[in-house]
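Participant:
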Amino acid sequence: MKPKALFERLKKEGNLSGEQEQKIAEELSQEYLPAERGIVPPAPAKSIYLYSDLLDLQDLSRPYCSFTTQLGSLDELLERDKLREKDGFPRKIRVGRLIKPGKGGKDKVVVVPSTVEEKFLHDSIKPPEEEGEGGEGGHGEGEEGDVIGEEPIRSPEGAGAGPGQGEGGPHEMESSAYDLGKILTEKFELPNLQDKGKKRSLTRYTYDMTDRNRGFGQILDKKATLKRIIETNIALGNVPDLYDIDTGKFLIAPSDKVYRILSKEKDYESQAMVFFLRDYSGSMSGKPTELVVSQHVLIYSWLLYQYEKQVETRFILHDTEAVEVPDFHTYYNYKVAGGTQVSAAFKLVNEIVEKESLVKDYNIYVFHGTDGDDWDTDGKASIPEIKKMLDYANRLGITIAEHGMSMGGSTEVERYLKKSGLLTEKPNHIRLDVMGQDADEPRLIDGIKKLIS
Amino acid sequence: MELIDQHTKEIMEGCKVRAKDAGLSFQDETLEYIVTNRDLLEISPKMMIPTLYDYWVHDVEVLKEKGKYELYPGNPYETVINTRPAISFYNDNNPDWMNVMIFYHVLGHIDFFQNNLYFSNTWDFDFAGQALADKRLIARLRTEHGRWVDYAIEFGRAVDNLVGYHDEISRLNRPHKSARMKRLDYYFDIFLQSEKKVSTTEYMKEVDLYNKCRKEYPAAVEEAFFSEVDKRFPEFEAMFHKSLEKREARRTDVLQYLIAHSPFLQKEENKWIQSVLEVIRNTSLVFQPQIRTKIMNEGWASYWHETLFLKDDRIKGHEVEYARVNAGVTSMPRVGLNPYALGMRIFYNLEEMADKGKYSFDFRKIDDANEREKYDRKEGRGKEFIFKVRENFSDFTFINTFVDQDFVTKNNLFVADRRLNRQKMTWEYYVKSKKAKDYRQMVIDKLYHPPAITIDEEKSVDGSLYMVHQFEEKPLVKEFIPNTMLGIEYLWGGPVHLETSEVLNISTPGLPAGIVTGFPIPAPEEPAEPEVQWQRVLYTMKDRKLSKRTV
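Chains as they are written, first to last, in the working numbering: chain A, 448 to 900; chain B, 3 to 553.
1) Does the stretch 869-887 of chain A come close enough to the stretch 734-748 of chain A to have 3 or more Cβ pairs within less than 8 angstroms?
2) If I'm right that B:ALA418 touches B:VAL405 with Cβ under 8 angstroms, what's the distance once you round it to whole angstroms?
3) Which residues share a DSSP beta bridge with B:PRO35?
4) Could you tell me which chain A residues have their CB closer than 9 angstroms to the CB of B:VAL102, listed as they occur along the chain?
5) For A:ILE595, return the contacting residues in chain B, with the cut-off set at a CB-CB distance below 8 angstroms.
6) Which term fits B:MET206, buried or exposed, when burial requires 16 or more other beta carbons within 10 angstroms of its beta carbon?
7) So the alpha helix (DSSP H) A:ALA700 belongs to, where does it begin and stop?
8) Is there a Cβ of chain B sitting closer than 9 angstroms to that of A:VAL744, yes or no?
9) Using 10 angstroms around the beta-carbon of B:LYS616, count the other beta-carbons present and answer buried if the total reaches 16, otherwise exposed.
10) Spell out the partners DSSP gives B:LEU500 in its beta bridges.
11) Taking 8 angstroms as the line, does the beta carbon of B:LEU42 fall inside it for any heavy atom of the ligand PLP?
12) Is there a Cβ from chain B that is less than 9 angstroms from the Cβ of A:THR824?
13) How would you write the range of the alpha helix (DSSP H) that B:LYS412 sits in, first residue to last?
14) For B:SER549, list the residues DSSP reports as bridge partners.
15) I'd like the ranges of any alpha helix (DSSP H) spanning at least 4 consecutive residues and lying wholly in the stretch 833-875 of chain A.
16) Does A:TYR779 get closer than 9 angstroms to chain B when you measure Cβ to Cβ?
17) If you compare alpha carbons, which of A:PHE814, A:TRP749, A:PHE723 is closest to A:ILE763?
18) At the level of alpha carbons, what is the spacing between A:ARG661 and A:VAL686?
19) Using only the alpha-carbon positions, how far apart do B:LYS198 and B:VAL231 sit?
20) For B:LEU312 and B:ALA303, I'd like the C-alpha separation in whole angstroms.
21) For A:LEU898 versus A:ILE708, is the C-beta spacing smaller than 9 angstroms?
22) Between A:GLU888 and chain B, is there a C-beta pair that is closer than 9 angstroms?
23) Does A:LYS794 get closer than 9 angstroms to chain B when you measure Cβ to Cβ?
24) Count the other CB atoms within 10 Å of the CB of B:TYR167; is the residue buried (16 or more) or exposed (fewer)?
25) May I ask you to report which of helix, strand or coil DSSP gives A:GLN718?
26) Hey, could you find the ends of the beta strand (DSSP E) B:ILE457 is sitting in?
27) Between B:ALA515 and chain A, is there a C-beta pair that is closer than 9 angstroms?
28) Counting pairs of Cβ atoms below 8 angstroms between the stretch 42-51 of chain B and the stretch 18-34 of chain B, do you hit three or more?
29) Name the chain A residues whose beta carbon is nearer than 7 angstroms to that of B:VAL62?
30) For a cutoff of 9 angstroms on Cβ pairs, would you count B:TRP58 as touching chain A?
31) Look at the Cβ atom of B:PHE127, then the Cβ atom of B:PHE28, and state whether they are nearer than 9 angstroms.
32) Say whether the stretch 143-163 of chain B touches the stretch 293-302 of chain B, bearing in mind that this needs 3 or more beta-carbon pairs closer than 8 angstroms, one atom from each stretch.
33) CB-CB under 7 angstroms to B:THR53, same chain, minus the five flanking residues each way: which ones, in chain order?
34) Using alpha carbons as the reference points, say which of A:ALA792, A:GLU859, A:ILE495 lies closest to A:ASP825.
35) Determine the burial state of A:MET620: buried for a count of at least 16 other Cβ atoms within 10 Å of its Cβ, exposed for fewer.
36) Who pairs with A:VAL772 in a beta bridge, going by DSSP?
Structure, rendered in structure tokens:
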């Protein structure tokens with residue numbers, strides 16, 4: 448029995464407390480990496496091919512080398528990868544993210560390239576049962592059926608998704624995300640933003656030689672000093688004929704010298720506020736969520752690079768109601784089995800923007816990911832909210848990751864958006880990207896181009 | 003990378019003498035290198051062969067590993083490489099006693115490489131040297147053809163797991179039949195029966211004729227016989243030669259077939275791709291035995307480092323430290339499979355059994371458990387027996403033959419699995435089975451096993467290539483099919499078909515239908531195997547577009 452179906456059944460039976468239910472819901476949406484602390488008895492099993500003399504026998508420590516020192520050669524690799532398209536072959540290098548769950552949601556993320564050598568390989572038939580993976584080796588006491596250890600379904604430290612796919616809390620990943628944004632912009636030819644819009648003052652200061660001071664200072668401002676000297680000497684009557692100035696007669700007072708001195712300046716930069724909205728209803732589970740979230744990470748990285756790290760993020764999840772969640776980790780992992788009402792999320796964004804008067808200070812971006820389902824089939828509630836949003840938002844990007852059930856590209860959201868005519872009316876403010884649930888990384892990046900260009 | 007110092011080398015030489023006295027056999031020369039972690043990162047994607055050809059996937063791999071190491075330690079490395087002389091890698095901060103242990107382990111590997119028959123295709127040359135020559139060839143081709151060399155490598159590697167390793171091995175070890183014997187066989191078994199379809203009486207007449215020749219010309223039986231044959235069937239000789247050629251060409255793997263028959267690669271301007279594919283095929287063949295003998299190889303090395311270390315007089319006073327390290331390597335995990343530990347235990351068990359004479363018909367006849375337990379003929383042939391096993395077995399045959407119920411019971415082995423405990427909200431690990439049959443199957447399922455894919459020449463019509471994946475109740479990884487076939491299409495220069503099986507539907511029988519609310523569902527005693535429905539499908543890659551239909 449599939450875990451999801453089981454979950455439904457358990458819920459019906461009323462065996463679960465609210466907390467448990469939530470735990471399972473989260474469990475259903477992620478795969479586990481081993482937590483750092485010792486798991487109760489069974490350690491994660493290694494494949495027999497992962498054992499090796501160097502590590503097992505010689506106890507070799509892990510090497511340390513920073514990824515960023517290697518960017519140069521990554522550039523070359525990506526450059527070469529770009530040529531593949533010209534030659535008529537699909538690209539092979541993916542810029543992936545590795546994540547290690549850490550304490551208190553502070554997950555560590557590194558950006559690495561990865562590629563798969565595709566071959567004909569045997570696949571396993573996935574057992575439909577909730578029980579294990581079809582068996583592991585074991586050793587020691589115990590009769591058949593005996594329980595030899597257990598592992599909590601949800602480890603207290605929190606956990607990320609599978610390797611190469613996971614994402615982490617935005618603050619921890621910032622430096623890597625910036626690199627990723629750079630790579631995206633440069634190598635995958637995501638456009639640079641033309642107009643970054645409003646600038647607002649930041650609490651950041653730069654120091655510059657802009658202030659002037661008479662008498663003393665760091666650098667003599669010759670032009671200004673000369674002006675003052677002439678002024679003084681005119682007043683003194685030393686310049687009888689403007690067309691025949693004898694500078695030898697000039698008197699120079701100490702206070703005539705004008706210097707530039709180091710001074711604190713307020714810096715004006717443009718900055719962005721990005722709202723990431725995601726449908727977290729039951730129908731989104733699995734692939735659609737992964738796609739939407741992966742794309743949102745990429746978008747975030749890109750904006751981070753474009754705004755030179757002056758990007759703030761807000762995360763909003765919705766089913767029939769919308770909630771704001773504090774960090775990316777929650778944003779990625781939460782899942783409920785509710786219905787879908789897209790308008791709720793848009794409404795919440797509008798409220799936040801109004802309440803905090805964000806329009807004044809920020810360039811606002813809103814990205815919404817959904818599978819296209821909406822109980823509000825005609826968009827009666829959504830369209831007005833969207834229109835309101837378009838008044839202030841620099842860009843609203845909607846991603847629809849179609850799941851298998853909706854055939855051939857007319858989900859509710861897509862339909863009512865097209866009908867409303869907003870897409871053609873305001874192409875600079877609202878964009879739509881529809882992809883199948885089997886979209887791959889290049890497709891995601893193409894999608895981003897569509898959303899932001 | 004630098005060689006170990008003289009002091010350490012002396013320890014190694016001492017180990018070699020003792021190992022040889024104990025019966026291990028290997029070439030005298032070995033090379034030991036100290037490597038830094040950085041070196042390791044760079045050579046591990048090259049399968050630890052420092053001279054392997056350059057390829058961008060290796061670079062990506064290096065970058066990825068570097069990133070990975072920031073998060074998780076632990077990665078596959080092999081340290082001893084099967085070259086002539088054998089090369090092994092070390093980190094330099096090992097104390098002497100530990101070097102003794104490691105050196106014995108390494109010597110165990112080298113002995114295995116140089117004596118196990120599955121490695122016989124690697125015995126006649128030094129792979130490090132061969133790889134260097136290949137690397138230069140590929141570098142030279144790169145100056146001429148640029149990145150197209152990398153495409154050739156990529157597409158070649160896409161099918162390098164389909165190399166006919168077993169064919170290659172069996173060809174090497176096949177007893178040499180004389181061509182004459184073959185002629186006689188062909189005449190009687192094929193020519194007369196299938197080609198001429200002679201009647202039984204006529205056939206008997208031929209047999210009589212042959213026997214007559216034997217009597218009359220004992221020195222040159224066949225010459226006499228076939229000169230007779232020639233008179234009656236002048237076409238025989240030509241047909242025989244044709245059949246020889248046909249038989250030679252019959253068993254080729256996908257790479258060989260592409261090299262020999264691809265119209266695209268036959269073109270003058272593409273001939274160089276053939277050499278690239280040849281390099282990839284040979285490289286893959288060299289690594290095949292290693293991956294097919296992991297459990298045995300590690301078990302054998304662990305058996306010997308333990309046996310020899312304990313006897314070594316040079317390490318007095320370090321027994322406790324040794325015990326700690328050794329336990330880490332050779333202990334059986336509570337859940338999981340450690341090839342060092344499993345292989346070693348099997349070898350110990352074999353030795354003990356053979357010492358007592360338990361590998362005999364007499365022993366097998368005994369039903370009584372007590373008697374089986376007590377049985378001891380004191381034959382003392384354990385060592386001899388395990389040396390034979392190390393020579394003739396691979397992981398599959400090793401596990402399949404020697405993991406029996408006695409062994410599983412004695413070592414407290416079981417198949418573990420996990421299930422959801424809904425009350426506690428935990429994953430429970432439990433003992434699923436203690437039967438040898440299940441344990442064997444579990445191990446075997448984990449072994450390397452590439453799909454069997456062959457070329458069907460008869461269905462390869464109109465310039466297309468038709469591949470057939472033999473059904474083994476295992477589907478192929480779907481995501482990889484398009485790009486793999488894209489590569490083959492490029493190398494073939496025409497449409498490519500792949501016939502394979504896919505899961506149509508999995509049904510889970512045996513779930514209780516009516517569930518009483520409020521009661522936990524009892525875990526089924528013997529969970530019924532899900533029933534799988536299969537369908538045969540045909541993938542076609544044409545003009546870089548993939549299509550699929552059922553057949």
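Using N, Cα and C, we set each Cβ at its ideal position, and we do this for glycine too.
Facilitator: In terms of the structure at hand:
1) Yes, the stretch 869-887 of chain A is in contact with the stretch 734-748 of chain A.
2) For B:ALA418 against B:VAL405, the beta-carbon gap comes to about 16 angstroms, at or over 8 angstroms, which does not count as contact.
3) First, the residue type needs correcting, since residue 35 of chain B is Tyr and not Pro in the sequence shown. According to DSSP, which records beta bridges pairwise, B:TYR35 is partnered with B:LEU5, B:PHE91.
4) Per Cβ cutoff of 9 angstroms: no residues; B:VAL102 is ~12 angstroms from chain A at best.
5) Against chain B, the beta carbon of A:ILE595 has neighbours under 8 angstroms at ARG336, VAL337, ALA418, TYR431, TYR432, VAL433, listed in chain order.
6) Exposed, by the Cβ-count rule.
7) That residue, A:ALA700, is in no alpha helix (DSSP H); it is neither H nor E in DSSP.
8) Closer than 9 angstroms: no.
9) In the structure displayed, chain B extends from 3 to 553; residue 616 of chain B sits before or after that span and is not available.
10) Partner(s): B:MET469, B:TYR541.
11) For the ligand PLP, the structure offers nothing, since it holds no ligand at all.
12) Chain B contact via Cβ: absent.
13) Counted as a single uninterrupted DSSP element, the alpha helix (DSSP H) harbouring B:LYS412 occupies residues 407-412.
14) Answer by DSSP bridge pairing, in chain order: B:THR542.
15) The stretch 833-875 of chain A contains these whole alpha helix (DSSP H) runs: 859-867, 869-872.
16) No, A:TYR779 lies away from the interface with chain B (no Cβ there is under 9 angstroms from its Cβ).
17) Among A:PHE814, A:TRP749, A:PHE723, the Cα nearest to that of A:ILE763 is on A:PHE723.
18) When rounded, the distance between both Cα atoms is 23 angstroms.
19) When rounded, the distance between both Cα atoms is 13 angstroms.
20) Approximately 14 angstroms, taken between the alpha carbons.
21) Pairing A:LEU898 with A:ILE708 gives a Cβ-Cβ distance that is not under 9 angstroms.
22) Chain B, which has no Cβ nearer than 9 angstroms to the Cβ of A:GLU888, makes this no.
23) No, no contact with chain B.
24) So B:TYR167 ends up on the buried side.
25) Here A:GLN718 sits in coil by DSSP.
26) Segment 455-457, the beta strand (DSSP E) holding B:ILE457.
27) Since pLDDT at B:ALA515 reaches only 44, below the 50 mark, its modelled position is unreliable, and no value is offered.
28) The stretch 42-51 of chain B vs the stretch 18-34 of chain B: no contact.
29) Ordered by position in chain A, the residues that pass the 7 angstroms Cβ test against B:VAL62 are LEU524, ILE540, PRO560, SER561, THR562.
30) Interface with chain A (9 angstroms Cβ-Cβ cutoff): B:TRP58 is included.
31) Taking the C-beta atoms as reference points, B:PHE28 is found no nearer than 9 angstroms to B:PHE127.
32) Touching, no.
33) Contacts found: ALA130, ALA133, LEU134, LYS137.
34) Nearest option by C-alpha distance: A:GLU859.
35) Only weak support exists for where A:MET620 lies, its pLDDT of 43 falling under 50; the coordinates are left without a value.
36) Beta-bridge pairing links A:VAL772 to A:PHE762.
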